[in-house]
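Chemist: Here it is: the structure, laid out below.
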Amino acid sequence: MKKSLLLLMTFVLALTLAACGNKGNNGANGAASPSESPSASGSASPSEEKLTGSILATGSTALQPLVEQVAQKFMADSKYSGITVQVQGGGSGTGLTQVSEGQADIGNSDIFAEEKFKDADAPKAKELVDHQVAVVAMAAVAHPKVGVDNLTKQQLVDIFTGKITNWKDVGGADQKIVIINRPSSSGTRKTFENYALGTKTEDLPGSIQQDSSGTVKKLVAETPGAIAYLALSYLDDTVQVLKYDGVEPTVENVTSGKYPVWAYEHMYTKGEPTPVVKAFLDYMMSEEIQNADVKELNFIPITSMQIARDANGNVTQK
Amino acid sequence: MNLSYKEVKRDTAVQASKPFPKHRIEEWRGKAYVYVCILVLIVTIFSIVYFIAVRGLTPFVSGGVGVGEMLFGKVWDPDAEQPLYGALPFLYGSFATSLLAAAIAAPLGFCAAIFMTEMMPKLGRTVLQPAIELLAGIPSVVYGFVGLSVIVPFLRHTFPGQGIGIMAGSIVLSIMILPTVTTIATDALRSLPSGLKEGSYALGATRWQTISRIILPTTLPSLLTGIVLGIARAFGEALAVQMVIGNAPHIPDSLFESAATLTSIITLSMGNTTLGSAHNNALWSLALILLLMTFVFVFIVRLLERRAKR
Amino acid sequence: MKAKTVDRIATGVIVAIAVLILAVLAGLLGYLLVRGLRHISFDFLTSPPQTIKAGGGIGPQLFNSLFLLVLTMIITIPLGLGAGIYMSEYAKENRFTAFVRLIVEVLSSFPSIVIGLFGLLVIVNRFGLGFSLLSGALALTVFNLPMMVRITEQSLRSVPREQKEAGLALGISRWRTITQVMLPVALPSIVTGTILAAGRVFGEAAALLFTAGMSSPRLDFTDWNPLSPTSPLNPLRPAETLAVHIWKINSEGLAPDAPEIAAGASAVLVITVLLFNLGARWFGRLLYRKLTASK
Chain A
1 MKKSLLLLMT FVLALTLAAC GNKGNNGANG AASPSESPSA SGSASPSEEK LTGSILATGS
61 TALQPLVEQV AQKFMADSKY SGITVQVQGG GSGTGLTQVS EGQADIGNSD IFAEEKFKDA
121 DAPKAKELVD HQVAVVAMAA VAHPKVGVDN LTKQQLVDIF TGKITNWKDV GGADQKIVII
181 NRPSSSGTRK TFENYALGTK TEDLPGSIQQ DSSGTVKKLV AETPGAIAYL ALSYLDDTVQ
241 VLKYDGVEPT VENVTSGKYP VWAYEHMYTK GEPTPVVKAF LDYMMSEEIQ NADVKELNFI
301 PITSMQIARD ANGNVTQK
Chain B
1001 MNLSYKEVKR DTAVQASKPF PKHRIEEWRG KAYVYVCILV LIVTIFSIVY FIAVRGLTPF
1061 VSGGVGVGEM LFGKVWDPDA EQPLYGALPF LYGSFATSLL AAAIAAPLGF CAAIFMTEMM
1121 PKLGRTVLQP AIELLAGIPS VVYGFVGLSV IVPFLRHTFP GQGIGIMAGS IVLSIMILPT
1181 VTTIATDALR SLPSGLKEGS YALGATRWQT ISRIILPTTL PSLLTGIVLG IARAFGEALA
1241 VQMVIGNAPH IPDSLFESAA TLTSIITLSM GNTTLGSAHN NALWSLALIL LLMTFVFVFI
1301 VRLLERRAKR
Chain C
2001 MKAKTVDRIA TGVIVAIAVL ILAVLAGLLG YLLVRGLRHI SFDFLTSPPQ TIKAGGGIGP
2061 QLFNSLFLLV LTMIITIPLG LGAGIYMSEY AKENRFTAFV RLIVEVLSSF PSIVIGLFGL
2121 LVIVNRFGLG FSLLSGALAL TVFNLPMMVR ITEQSLRSVP REQKEAGLAL GISRWRTITQ
2181 VMLPVALPSI VTGTILAAGR VFGEAAALLF TAGMSSPRLD FTDWNPLSPT SPLNPLRPAE
2241 TLAVHIWKIN SEGLAPDAPE IAAGASAVLV ITVLLFNLGA RWFGRLLYRK LTASK
């Protein structure tokens, strides 16, 4: 019965484990930390010598599946076998916080950093370099039995501001409208408000708020009279997809600029990326990823966009 | 045998540590070890309170938000041009769901405890008690999942409204806190001196008379302790509630209308906001309120326990 | 006469409620198991999850849950035992002890989300551990520790006084009496309590959302070097546990069979917790018999 010895040993083990782990982390992160050589990357030649290091990408849960999948392919590629990529969720806000404080190498975000870092935090957004890697489009959806398949912008605004409360006022069934919204901090909601409604909306009493697309979809499909908005990847037969001003939410309409409700998926770095991070971002932008994985996960390839948009919403033809 | 417990301890400790230095070292080591453990506990709690308080107080100290504005304001709109941080709807939601959950769980738990101790102790101990302990082990995400796929549709079909709301949250929570309430009630009933009950039966009282006039009044403080602990747990529960309550930042007109709790609004927005922004700091204030409520609950439990001992 | 009728009604109500509770539990378990068991297979339990295709499993999540539990226990048990020994044996009846007791009580009633947020702020961001198994384990330790302290204290207090006095009378130090005489006697109830506490850790999600993260990197199950980033044993990799996975696929799942996976994973979780409950009792009894027979 050497209980005390055993106790002591487990304790020591726990401590050493913690300590070892710590060292490993510091060493690995140090190699690829973006804050250490923010400007050196321009001169480095990534193709000559083999890159080694590790990358940590945190943030948006919507973008996470894509980055994860690309990271796996990237690590499997023999050219980049010295690099490990870790992808984590946590939400756009967490991603931007961590990249701006140097804890993560890449911050994934659904919206422009300028929209998150406001007022006193505005300088933080200036330090970040934006890499737009994909486009996500959103569609307004409703419960299948509302009897409406098209809404004009004004009708949408009236519904989401509470002026219209019954589907019969927009030509549908006599059914009370139930709004299923996102929380006011959500990037998806910002996109919808900016590009579909063109105005900020308040949280109406009785409206439901859920942040996760899966739950929103489940609720729309089950709640009579529900209206909500979802990324294109979540649409299926259980919900009624609504046209916007007569335009169907399709990939073609988004890339040509006819359908305006879409947003970029951003991967931010603090300063210019290091060679290791740049290799990953270049890989992300390559045709083989954009045309395969990006499409497969129902994002729209950034390379196929015929228009561009800046943080203030100004659209330019490419 | 005449020596009291304490004296024996002291005497032997003195004797043991005197002649053998090896023992003394051993004892010293052991003591150092347990004190380190206690120190870890103390450091943990102080750092939790400190870090959450520092973040949570920022809106009041430098954000220009008044304490009264946060506690009694009815409008929560942190992303507006003129941000408003009224947390009253969340406080209302948290209190309403947890109190209602306790109101459902308390009678159920009490009846289960009576059943297990007074009526069929054998069946209670072999079937009901393990069953209730199992309820305690089911993870909260699973409760949320079941709530969203069973309770919400049921309420939607049975009552006016969307099914989502305080009622749905309370039902889910009441099942979650049932084990806490029942276990404590059972312990209290078992520890009752049997003479009390036997006396009552001997006087010709029926079982219900004994329960309602003797057992209930004497065990009341312990029962209340269980209920308060249940409320405390319900108050802090996050994921299961968030899935079924609807999360609209308003005080609802009915139990079947979308509402929000402190915890649900924190889980909903924490990941979306950047650390240090005004919105994020306001969420930390909500966490601070949760933390303070924990102290209040512990305080109430202590008061009740003191009364139960008397 | 009237009192008898009231008594009968009350009895009926109480029995009905006991039956109702059993029915709710049976319904709940039945619902979860019937929907989930269909989906559980060896393949489901071992294969990695799929993002958009059907047929993903929960292999890494199951491993993460178990590994996180082990890590948490490695940190919690020594600390909890030490603090518990202090509370039952060394603590004097003074202000300090009352204060420590209050701390244990407050710690055990902190909402898990508050612990999660604390973990995010301090462990993840300030200590720079990132979303990792170690951060998750440290956060879970915060809730597990008070339970462990209480279990140890109660178990030690229930050791017969004679046994302790016998030890002290032999002239061995107090520490030795505690570790070599009392702990073995108290061990069965400590073990039972610990396993039951472990079951709760297994199902925790709210605190882990903010600390252990919601992603599960590809794991190389042939690489057992704890320092390599793809090794399953690396405590600094992000890890999604089973409970968090259920939360994630319910909310963001893109795979066409997401509802089935959620049902299957819930069933696995419930069965595991069930096993913990039964195992704790069985193991406690076994240990008790072993320890008492050997003396």
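Chains as they are written, first to last, in our numbering: chain A, 1 to 318; chain B, 1001 to 1310; chain C, 2001 to 2295.
Heads up, the beta-carbon is just placed ideally off N, CA and C, and yes, glycines get one too.
Please read all numbers here as calculations on a predicted model, not as lab measurements.
1. Count the other C-beta atoms from every protein chain shown that fall within 10 angstroms of the C-beta of residue 300 (chain A), then say buried if there are 16 or more, exposed otherwise.
2. I want to verify the contact list: residues of chain B whose CB lies under 9 angstroms from the CB of residue 2107 (chain C), in sequence order.
3. Cβ closer than 8 angstroms: which chain B residues qualify as neighbours of residue 2110 (chain C)?
4. Using a Cβ-Cβ distance under 9 angstroms, would residue 1085 (chain B) count as near chain C?
5. DSSP three-state call for residue 2064 (chain C): helix, strand or coil?
6. If we count the other Cβ atoms within 10 Å of its Cβ and call it buried at 16 or more, is residue 240 (chain A) buried or exposed?
7. Against residue 2104 (chain C), what residues of chain B qualify as contacts under a CB-to-CB distance less than 8 angstroms, listed in chain order?
8. My guess is that residue 1053 (chain B) and residue 1286 (chain B) are in contact by the Cβ rule of under 8 angstroms, so how many angstroms apart are they, rounded?
9. Kindly say whether residue 1162 (chain B), judged by its beta-carbon, lies nearer than 9 angstroms to any beta-carbon of chain A.
10. Which complete beta strand (DSSP E) runs does the segment 215-243 of chain A hold, if anything under 3 residues is left out?
11. For the segment 46-79 of chain A, enumerate the residues whose C-beta is nearer than 8 angstroms to any C-beta of chain B, in chain order.
12. Should residue 2174 (chain C) be flagged as near chain B, meaning a C-beta pair shorter than 9 angstroms?
13. Quick one, which residues of the segment 211-227 of chain A are near chain F if we go by CB-CB under 8 angstroms, in chain order?
14. Starting from residue 2247 (chain C), trace the alpha helix (DSSP H) in both directions and tell me its first and last residue.
15. Spell out the partners DSSP gives residue 301 (chain A) in its beta bridges.
16. For residue 2139 (chain C), return the contacting residues in chain A, with the cut-off set at a CB-CB distance below 9 angstroms.
17. Please report the straight-line C-alpha distance between residue 52 (chain A) and residue 2231 (chain C), rounded to a whole angstrom.
18. Interface residues of chain C around residue 1266 (chain B) at Cβ under 8 angstroms?
19. Buried or exposed for residue 2248 (chain C), going by 16 or more other Cβ atoms inside 10 Å?
20. For residue 139 (chain A) and residue 192 (chain A), I'd like the C-alpha separation in whole angstroms.
21. Using beta carbons (cut-off 9 angstroms, strictly below), is residue 81 (chain A) in contact with chain C?
22. Nearest-angstrom Cα distance between residue 135 (chain A) and residue 268 (chain A)?
23. Tell me the rounded alpha-carbon separation between residue 2289 (chain C) and residue 2187 (chain C).
24. What are the boundary residues of the alpha helix (DSSP H) that includes residue 2144 (chain C)?
25. Compute the beta-carbon to beta-carbon distance between residue 1248 (chain B) and residue 208 (chain A), rounded to the nearest angstrom, for a pair I have assumed lies under 8 angstroms.
26. Using beta carbons (cut-off 9 angstroms, strictly below), is residue 2131 (chain C) in contact with chain A?
27. What runs of the alpha helix (DSSP H), each 4 residues or longer, lie entirely inside the segment 1155-1210 of chain B?
28. Is it buried or exposed for residue 70 (chain A), if we count other Cβ within 10 angstroms and need 16 for buried?
29. Is the Cβ of residue 2121 (chain C) closer than 9 angstroms to any Cβ of chain B?
30. Along chain C, which residues have their Cβ under 8 angstroms away from the Cβ of residue 1031 (chain B)?
31. Measuring only the C-alpha atoms, how far is residue 2177 (chain C) from residue 2143 (chain C)?
32. Less than 9 angstroms between CB atoms is the rule here; does residue 2064 (chain C) satisfy it with respect to chain B?
33. Are the CB atoms of residue 2238 (chain C) and residue 86 (chain A) within a distance shorter than 9 angstroms?
34. Closest to residue 2053 (chain C) by CA distance: which of A:306, A:153, A:298 is it?
35. Show which residues of chain A have a CB atom less than 8 angstroms away from the CB atom of residue 1257 (chain B).
36. Just verifying my parser: in three-state terms, what is the DSSP assignment at residue 1251 (chain B)?
Modeler: Walking through what the data contain:
1. Residue mapping note: residue 300 (chain A) aligns to position 300 of the first sequence, counting from 1. Buried is the call here.
2. Within the third sequence, the letter at position 107 stands for residue 2107 (chain C). In chain order: 1041, 1044, 1045, 1048.
3. Mapped onto the third sequence, residue 2110 (chain C) falls at position 110. Within chain B, the residues near residue 2110 (chain C) are 1048, 1236, 1291, 1294.
4. Position 85 of the second sequence, counted from the start, is the residue given in the question as residue 1085 (chain B). Output row for residue 1085 (chain B): interface = no.
5. Within the third sequence, the letter at position 64 stands for residue 2064 (chain C). Residue state, collapsed to three classes: helix.
6. As a working mapping, residue 240 (chain A) is identified with position 240 in the first sequence. Counting Cβ neighbours within 10 Å, residue 240 (chain A) comes out buried, since at least 16 surround it.
7. Taking the first residue of the third sequence as position 1, residue 2104 (chain C) is located at position 104. Residues of chain B passing the Cβ test: 1041.
8. The residue labelled residue 1053 (chain B) in the question sits at position 53 within the second sequence. The residue labelled residue 1286 (chain B) in the question sits at position 286 within the second sequence. With a Cβ gap of about 13 angstroms, residue 1053 (chain B) and residue 1286 (chain B) do not count as contacting.
9. Taking the first residue of the second sequence as 1, we reach residue 1162 (chain B) at position 162. Chain A contact via Cβ: present.
10. 226-231
11. 61
12. Your numbering for residue 2174 (chain C) matches position 174 in the third sequence. Yes, residue 2174 (chain C) lies at the interface with chain B (some Cβ there is under 9 angstroms from its Cβ).
13. No chain F appears in this structure, whose protein chains are A, B and C.
14. As a first step, residue 2247 (chain C) is located in the third sequence; it is residue number 247 there, counting from the start. First-last of the alpha helix (DSSP H) with residue 2247 (chain C): 2242-2252.
15. The residue labelled residue 301 (chain A) in the question sits at position 301 within the first sequence. Paired residue(s): A:134.
16. The residue labelled residue 2139 (chain C) in the question sits at position 139 within the third sequence. By Cβ distance, chain A contributes nothing, its closest Cβ being about 14 angstroms from residue 2139 (chain C), past 9 angstroms.
17. Translated into the one-based positions of the first sequence, residue 52 (chain A) becomes position 52. Translated into the one-based positions of the third sequence, residue 2231 (chain C) becomes position 231. Going from the Cα of residue 52 (chain A) to the Cα of residue 2231 (chain C) covers about 18 angstroms.
18. As a working mapping, residue 1266 (chain B) is identified with position 266 in the second sequence. By Cβ distance, chain C contributes 2113, 2117.
19. The residue labelled residue 2248 (chain C) in the question sits at position 248 within the third sequence. Per the 10 Å Cβ criterion, buried.
20. For the purposes of this step, residue 139 (chain A) is taken as the residue at position 139 of the first sequence. For the purposes of this step, residue 192 (chain A) is taken as the residue at position 192 of the first sequence. Their Cα atoms are separated by approximately 9 angstroms.
21. Position 81 of the first sequence, counted from the start, is the residue given in the question as residue 81 (chain A). So no, residue 81 (chain A) is outside the interface.
22. Numbered from its first residue, the first sequence carries residue 135 (chain A) at position 135. Numbered from its first residue, the first sequence carries residue 268 (chain A) at position 268. The alpha-carbon atoms of residue 135 (chain A) and residue 268 (chain A) are separated by roughly 15 angstroms.
23. As a first step, residue 2289 (chain C) must be located in the third sequence, where it is residue number 289. As a first step, residue 2187 (chain C) must be located in the third sequence, where it is residue number 187. The alpha-carbon atoms of residue 2289 (chain C) and residue 2187 (chain C) are separated by roughly 11 angstroms.
24. Locating residue 2144 (chain C) in the third sequence gives position 144, where the first residue counts as 1. Taken as a continuous stretch (DSSP letters only), the alpha helix (DSSP H) holding residue 2144 (chain C) covers 2133-2157.
25. Position 248 of the second sequence, counted from the first residue, corresponds to residue 1248 (chain B). Position 208 of the first sequence, counted from the first residue, corresponds to residue 208 (chain A). Right, the Cβ-Cβ distance comes to about 6 angstroms (below 8 angstroms), so this counts as a contact.
26. Counting from one through the third sequence, the residue named residue 2131 (chain C) turns up at place 131. Yes, residue 2131 (chain C) lies at the interface with chain A (some Cβ there is under 9 angstroms from its Cβ).
27. 1166-1190, 1194-1202
28. As a position in the first sequence, residue 70 (chain A) is number 70, starting the count at 1. The residue in question, residue 70 (chain A), is buried, as its Cβ has 16 or more Cβ neighbours within 10 Å.
29. In the third sequence, counting from the first residue as 1, residue 2121 (chain C) sits at position 121. Yes, residue 2121 (chain C) counts as interfacial toward chain B.
30. What you label residue 1031 (chain B) is simply residue 31 of the second sequence in a count that begins at 1. What residue 1031 (chain B) touches in chain C: 2090, 2175.
31. Here the question's residue 2177 (chain C) lines up with position 177 in the third sequence. Here the question's residue 2143 (chain C) lines up with position 143 in the third sequence. So the alpha carbons of these two residues sit roughly 29 angstroms apart.
32. In the third sequence, the residue the question calls residue 2064 (chain C) occupies position 64. No, no contact with chain B.
33. Taking the first residue of the first sequence as 1, we reach residue 86 (chain A) at position 86. Taking the first residue of the third sequence as 1, we reach residue 2238 (chain C) at position 238. Yes, the Cβ-Cβ distance between residue 86 (chain A) and residue 2238 (chain C) is below 9 angstroms.
34. Counting from 1 along the third sequence, the entry for residue 2053 (chain C) is found at position 53. Per the Cα distances, A:298.
35. Locating residue 1257 (chain B) in the second sequence gives position 257, counting from the first residue. Within chain A, the residues near residue 1257 (chain B) are 205, 206.
36. Translated into the one-based positions of the second sequence, residue 1251 (chain B) becomes position 251. Of the three classes helix, strand and coil, the one that applies to residue 1251 (chain B) here is coil, per DSSP.
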